[in-house]
Amino acid sequence: MNLTSLFEKIAGKQKQRDKARVNDFRALVRSIGTGQEPDADQVERVLSDAGKSLDDLRAAVELYQKRFAMRTLVNSLPKLEAKRKEVERQLTKADEALEAAEQHHTETTTPLHGRLEMLRQAMQEAERSRQQLVETCPDEELRQRLADLQRRYDEAHDRSFKLRQVINDCRTWAKSDRAEAANTSSSHKEQELRERAEHRDAKAAECEQELAEVLKQLASLEKQMQAARRRDAGAVTRWPRRRPGRPCRPRRSFDNSVPCREPPGLANPGGSAWAVEPREPRSLMATVKRGKLFSIRSPK
-14 MNLTSLFEKI
-4 AGKQKQRDKA
6 RVNDFRALVR
16 SIGTGQEPDA
26 DQVERVLSDA
36 GKSLDDLRAA
46 VELYQKRFAM
56 RTLVNSLPKL
66 EAKRKEVERQ
76 LTKADEALEA
86 AEQHHTETTT
96 PLHGRLEMLR
106 QAMQEAERSR
116 QQLVETCPDE
126 ELRQRLADLQ
136 RRYDEAHDRS
146 FKLRQVINDC
156 RTWAKSDRAE
166 AANTSSSHKE
176 QELRERAEHR
186 DAKAAECEQE
196 LAEVLKQLAS
206 LEKQMQAARR
216 RDAGAVTRWP
226 RRRPGRPCRP
236 RRSFDNSVPC
246 REPPGLANPG
256 GSAWAVEPRE
266 PRSLMATVKR
276 GKLFSIRSPK
């Protein structure tokens, strides 16, 4: 008998048994880690053969589950990479669309902003002219009335702006109070918030009623100011135009009076003298529209 070969054979058998014990332990860990429930006697036998304790088994199972989760993530890398490229492509497309839209917006709005600025300047100039018309009105009483109407209009306009602010704030705060009341766990706090919201809604409704009256007042003041400005326009006096070298053709006044002499400063080569005298027109609107702010009557 060759002792060397015998011991080598025994050592080989022992290695195979050790390897089988390790494989049985790993198989037990894998089955528990994937959710399978092994037999208790089998677990005890495998642990005894492998020289492992229950804590060793628990630690091995936790490590297996952690490595399994990491392996799953690693295996998903190709799909994640493909999705990343697709999202980047969509972002690039969206950025290009946004850039084109911004360019179109700039090209469209740039001239509009220029026109808007010109209109604002023209409106400011018109407002200055309106103020100068009031200041240069020859009728002292009318000038004071225009100034008083403008002052009352400005006060009403400021009041309407403040009322709109109060209404918006009250509605916003009331909505916030109701949202907070719906999420609070205290019944006392909820009741307090809902009462405060109702109070703010009532305040907003009161301001809305006042705002309606202020808007009516603004409309009335605007009509009065327009009427006063038309009356101010009636203070302007113009002479009728005629062709050079020709006598002034007789005209009749708005009340169908007899024609009169030519306006002062206009020589009448025909020999007849016609005079035009300013008068208060019978219908101011008709006078302004027709451009005639004088009456014609026959000389005495």
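Per this note's numbering, the sequence shown starts with residue -14, numbered consecutively. Each residue gets a CB set at the ideal place from its N, CA and C atoms; glycine is no exception. The structure presented is a predicted model; accordingly, all values stated were derived computationally and were not measured.
Proximity of residue i and residue j at Cβ, strictly below 9 Å
i: Cys293; j: Arg128; result: In the structure as shown, the chain begins at -14 and stops at 285. Residue 293 is therefore absent and cannot be evaluated.
i: Val7; j: Ala35; result: yes
i: Arg305; j: Leu118; result: There is simply no residue 305 to check, as the chain begins at -14 and stops at 285 in what is shown.
i: Met210; j: Gln109; result: no
i: Arg163; j: Ala187; result: no
i: Ser145; j: Val199; result: yes
i: Leu196; j: Leu148; result: yes
Where residue i sits in the DSSP three-state scheme
i: Glu140; result: helix
i: Asp40; result: helix
i: Gly18; result: helix
i: Arg124; result: In the sequence on display, residue 124 carries Asp and not Arg. Asp124 falls in the coil class under three-state DSSP.
i: Thr169; result: coil
i: Arg216; result: helix
Contacting residues, own chain, Cβ-Cβ under 6 Å from residue i (five flanking each side not counted)
i: Glu175; result: Ala166, Thr169
i: Leu178; result: Asp162, Glu165, Ala166
i: Trp158; result: Arg185
i: Glu47; result: none
i: Arg228; result: Summary for Arg228: the model assigns pLDDT 47, below 50, so the residue's position carries little reliability; its value from the coordinates is reported in the next sentence. If we look at Arg228 and ignore the five residues flanking it on each side, it has no Cβ neighbours.
Same chain, Cβ closer than 8 Å to residue i, five either side skipped, listed in chain order
i: Val28; result: Leu13, Leu42
i: Ser38; result: Leu32
i: Asp26; result: none
i: Thr313; result: Past the boundaries of the shown model lies residue 313; the chain is included only from -14 to 285, so the question cannot be answered.
i: Glu120; result: Arg128
i: Pro23; result: Leu13, Ser16, Ile17
Residue range of the alpha helix (DSSP H) that includes residue i
i: Thr91; result: 62 to 120
i: Ser33; result: 25 to 35
Same chain, Cβ closer than 7 Å to residue i, five either side skipped, listed in chain order
i: Glu87; result: none
i: Tyr49; result: Val14, Arg15, Gly18
i: Gln1; result: none
i: Gly137; result: First, the amino acid is wrong: residue 137 is Arg here, not Gly. Leu206, listed in sequence order.
i: Leu104; result: none
i: Lys208; result: none
i: Val286; result: Nothing about residue 286 can be read from this structure; the chain reaches only from -14 to 285.
i: Leu4; result: The amino acid at residue 4 is misidentified as Leu; the sequence shows Lys. None.
Any non-hydrogen atom of the ligand MG closer than 8 Å to residue i Cβ
i: Ala54; result: Judged by which ligands are present, the structure shown has none, so any question about the ligand MG falls away.
Min CB distance residue i to chain D below 9 Å
i: Lys0; result: Looking for chain D here will not work: only one protein chain is present.
Are at least three pairs of beta-carbons, each pair with one atom in the stretch 193 to 203 and one in the stretch 137 to 154, less than 8 Å apart?
-> Result yes; three or more Cβ-Cβ pairs closer than 8 Å.
Any contact of the stretch 192 to 200 with the stretch 129 to 136, i.e. 3+ C-beta pairs under 8 Å?
-> Using a Cβ-Cβ distance cut-off of 8 Å, the stretch 192 to 200 and the stretch 129 to 136 are not in contact, since fewer than three pairs of beta carbons, one from each stretch, lie closer than that value.
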